[in-house]
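The next block holds one structure in the form of structure tokens; read it before the comments.
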Ligand SMILES: [Zn+2]
């Protein structure tokens, strides 16, 4: 479908009538490239908004597959996607391609780690955070600061959400705000605090809006404050960070990137609210899904599509991707998950 940016008939007509965007801003959006990491609750809303706004190239990355309890807040997906057991990145691409066939969408099913983040970021004008954990965000911060790519942090828990726009070299980075991630178990998770779909919508829209400013040529309009809001208490706090970056930030001043170097961070993750553990093995060779499905069929109930194999074995649900990465459902104990993997998938 072609679209000539006619101010009357274009699909972007209403957006172009907003003076700061105009035809010129729309052209810039169509020529821009954005990376959305995480296609869960925040990422669904972010990707939906950017695709409809006409960001010309969207790269969507997610490590997980769909489950029924995602549909409460992950607005891109439906019951058919859950029944098909699709990875979120693929289901998101399928849906968005029907909404805007004019843009390019690249779906990547992968866990983001220090071995692939620089490749995922290459050629990108802006990175938008749809993740649910600080370990990944500190890696994103290292990579974005190193490459000088603007990125927008967002996070939600309960009815509270927060966001910060980071222009490397110009504004404070995530490590200026907090030198280290909160230690595991020290803060509530969406398991204990729950999550409201409403706060997701607000924070994700804020993040997408910041991306639209950057991608349409209005970096100067981006928010320079750390915004924290609570929809249940109806409060908004905006905290001014120092005019420039922190004087001695290990990341943006001293340019130390330990997450990017693989010195910090791990390859296991307890998935928030899922009673599941992810195990990943960067550098491991490809796994044959056909062979694995045959092997697992001897011990449990197996389903398979071209993106993954899933087996229910006793209390566990194993999902294995072609790169060997696995999500072990039915436990939050990392060593238990490792032994389940070793027993049924092998090393
Ligand atoms: Zn910094």
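In my numbering, the protein residues as written are 146 to 492. Built from N, CA and C at the ideal position, the CB exists for glycine as well. The model shown is predicted, which means the values in this text are computed figures rather than measured ones.
Where residue i falls, given that 16 or more other Cβ within 10 Å makes a residue buried
| i | result |
| --- | --- |
| residue 146 | Residue confidence for residue 146 is low, a pLDDT of 49 falling below 50, so the modelled location carries little weight; the figure read from the coordinates is stated next. With fewer than 16 Cβ atoms within 10 Å of its Cβ, residue 146 is classed as exposed. |
| residue 159 | exposed |
| residue 154 | exposed |
| residue 224 | exposed |
| residue 408 | exposed |
| residue 460 | exposed |
| residue 324 | exposed |
| residue 377 | exposed |
| residue 485 | buried |
| residue 425 | buried |
| residue 191 | buried |
| residue 346 | buried |
| residue 380 | exposed |
| residue 488 | exposed |
| residue 443 | exposed |
| residue 237 | buried |
| residue 466 | buried |
| residue 152 | exposed |
Residue-level contact to chain D via CB, residue i, 7 Å cutoff
| i | result |
| --- | --- |
| residue 450 | You won't find chain D in this structure, because it holds only one protein chain. |
CB of residue i within 7 Å of CB of residue j, strictly
| i | j | result |
| --- | --- | --- |
| residue 207 | residue 229 | no |
| residue 188 | residue 181 | yes |
| residue 308 | residue 249 | no |
| residue 269 | residue 178 | yes |
| residue 271 | residue 321 | no |
| residue 402 | residue 287 | yes |
| residue 464 | residue 470 | no |
| residue 310 | residue 297 | yes |
| residue 168 | residue 150 | yes |
| residue 398 | residue 479 | no |
| residue 361 | residue 166 | yes |
| residue 201 | residue 242 | no |
| residue 341 | residue 304 | yes |
| residue 423 | residue 416 | yes |
| residue 213 | residue 226 | no |
| residue 266 | residue 284 | no |
| residue 221 | residue 193 | yes |
| residue 421 | residue 472 | yes |
| residue 300 | residue 344 | no |
| residue 441 | residue 432 | no |
| residue 370 | residue 382 | no |
| residue 198 | residue 357 | yes |
| residue 462 | residue 445 | no |
| residue 183 | residue 276 | yes |
| residue 338 | residue 302 | yes |
| residue 317 | residue 386 | yes |
| residue 410 | residue 315 | no |
Enclosing alpha helix (DSSP H) for residue i [first to last residue]
| i | result |
| --- | --- |
| residue 373 | Taken as a continuous stretch (DSSP letters only), residue 373 belongs to no alpha helix (DSSP H), being part of the beta strand (DSSP E) at 370-375. |
| residue 302 | That residue, residue 302, is in no alpha helix (DSSP H); its beta strand (DSSP E) goes 296-302. |
| residue 517 | One cannot answer for residue 517 here, as it falls past the ends of the chain, which runs 146 to 492. |
| residue 490 | Careful: residue 490 lies outside any alpha helix (DSSP H) and carries neither H nor E. |
| residue 282 | 279-292 |
| residue 262 | 262-266 |
| residue 159 | 158-161 |
Beta-bridge partners of residue i, as assigned by DSSP
| i | result |
| --- | --- |
| residue 250 | 203 |
| residue 210 | 232 |
| residue 109 | No statement about residue 109 is possible, as the shown extent of the chain runs from 146 to 492 and does not include it. |
| residue 274 | 182 |
| residue 461 | 458 |
| residue 224 | Paired residues: none, contrary to the question. |
| residue 343 | According to DSSP, which records beta bridges pairwise, residue 343 is partnered with nothing at all. |
| residue 306 | 301 and 374 |
| residue 359 | The partner list for residue 359 (beta bridge, DSSP) is empty, contrary to what the question assumes. |
| residue 414 | 423 |
| residue 453 | 450 |
| residue 311 | 296 |
Run of the beta strand (DSSP E) containing residue i, from where it starts to where it stops
| i | result |
| --- | --- |
| residue 318 | Residue 318 -> no beta strand (DSSP E), and no H or E assigned at all. |
| residue 419 | It is not in any beta strand (DSSP E) - residue 419 carries neither H nor E in the DSSP assignment. |
| residue 182 | 178-182 |
| residue 474 | 471-474 |
| residue 173 | It is not in any beta strand (DSSP E) - residue 173 instead sits in the alpha helix (DSSP H) that spans 167-175. |
| residue 384 | 380-385 |
If contact is defined by three or more beta carbon pairs under 8 Å, each pair taking one atom from either stretch, is the region 241-258 in contact with the region 195-211?
With three or more CB-CB distances shorter than 8 Å, the region 195-211 counts as touching the region 241-258.
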